[in-house]
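Structure, as structure tokens:
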Ligand SMILES: CC(C)(COP(=O)(O)OP(=O)(O)OC[C@H]1O[C@@H](n2cnc3c(N)ncnc32)[C@H](O)[C@@H]1OP(=O)(O)O)[C@@H](O)C(=O)NCCC(=O)NCCS
């Protein structure tokens, strides 16, 4: 496979969006016994969907949700299991931060799974608040000033 990875926007409702949901389901929901298609996806048309494409195939995804004038939230960050640890997650996060910065948001936040926190800390994120449970597993709110 061509290992070059391109990061670009996915249009909501497109075939690529359907692939995005499949990847999110495979990496983030099925391992927890959950189903992405049972999530409330009705507001996703308002979100910014970002995909990593390696050799033309979708290999990673990240969704941005605008919370208010100051805060934009990163969510649903997932990289294909066979391609994790090769820098795709970092590329997705850096692309999303640049987009958020260009849009004028000073702060990126997220609800991060406990096991993924070292990944985000490497990219400059810090814990804000206490541990809580989401999709059955421990999470922390993380934040980063991006302005
Ligand atoms: C977490 C995830 C998005 C990271 O993406 P990735 O492509 O595997 O990560 P990268 O290869 O870009 O890693 C960047 C750096 O973080 C490190 N890293 C990645 N995942 C890590 C983890 N779980 N724990 C510790 N370090 C990690 C890498 O070793 C790398 O370090 P380096 O720069 O010193 O080489 C991906 O592994 C994934 O999809 N995991 C399963 C789903 C998940 O947990 N999503 C996050 C939900 S909040």
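Numbering (my numbering), first residue to last: 1127 to 1273. We put the beta carbon where it would ideally sit given N, CA and C, even for glycine. The structure presented is a predicted model; accordingly, all values stated were derived computationally and were not measured.
Buried/exposed call for residue i, threshold 16 Cβ in 10 Å
{"i": "residue 1182", "result": "exposed"}
{"i": "residue 1229", "result": "exposed"}
{"i": "residue 1202", "result": "buried"}
{"i": "residue 1163", "result": "exposed"}
{"i": "residue 1171", "result": "exposed"}
{"i": "residue 1238", "result": "buried"}
{"i": "residue 1134", "result": "exposed"}
{"i": "residue 1215", "result": "buried"}
{"i": "residue 1149", "result": "buried"}
{"i": "residue 1140", "result": "exposed"}
{"i": "residue 1127", "result": "For residue 1127, the pLDDT reaches just 45, beneath the cut-off of 50, and the residue's location in the model is therefore unreliable, leaving the point undetermined."}
Cβ-Cβ distance between residue i and residue j below 7 Å
{"i": "residue 1174", "j": "residue 1190", "result": "yes"}
{"i": "residue 1196", "j": "residue 1232", "result": "yes"}
{"i": "residue 1200", "j": "residue 1225", "result": "no"}
{"i": "residue 1153", "j": "residue 1143", "result": "no"}
{"i": "residue 1219", "j": "residue 1184", "result": "no"}
{"i": "residue 1146", "j": "residue 1187", "result": "yes"}
{"i": "residue 1257", "j": "residue 1266", "result": "yes"}
Identity of the residue in the options nearest residue i by Cα
{"i": "residue 1221", "options": "1243, 1236, 1262 and 1176", "result": "1176"}
{"i": "residue 1241", "options": "1259, 1198, 1225 and 1234", "result": "1259"}
{"i": "residue 1192", "options": "1265, 1169 and 1141", "result": "1169"}
{"i": "residue 1131", "options": "1194, 1141, 1206 and 1247", "result": "1206"}
{"i": "residue 1253", "options": "1194, 1263, 1268 and 1272", "result": "1268"}
{"i": "residue 1165", "options": "1265, 1261 and 1270", "result": "1261"}
{"i": "residue 1263", "options": "1151, 1146, 1155 and 1138", "result": "1155"}
{"i": "residue 1223", "options": "1186, 1151 and 1272", "result": "1272"}
{"i": "residue 1167", "options": "1179, 1243, 1151 and 1246", "result": "1151"}
{"i": "residue 1208", "options": "1270, 1180 and 1138", "result": "1180"}
Going residue by residue through the segment 1230 to 1257, where are the continuous beta strand (DSSP E) segments of at least 3 residues, counting only ones entirely within it?
1233 to 1239
Listed by chain order, which residues have C-beta atoms less than 6 Å from any heavy atom of ligand 1?
1153, 1154, 1203, 1204, 1205, 1210, 1211, 1212, 1213, 1214, 1215, 1216, 1238, 1239, 1241, 1242, 1244, 1245 and 1248
Please specify which runs of the beta strand (DSSP E), each continuous and at least 3 residues long, are wholly inside the segment 1127 to 1175, giving them in chain order.
1131 to 1136
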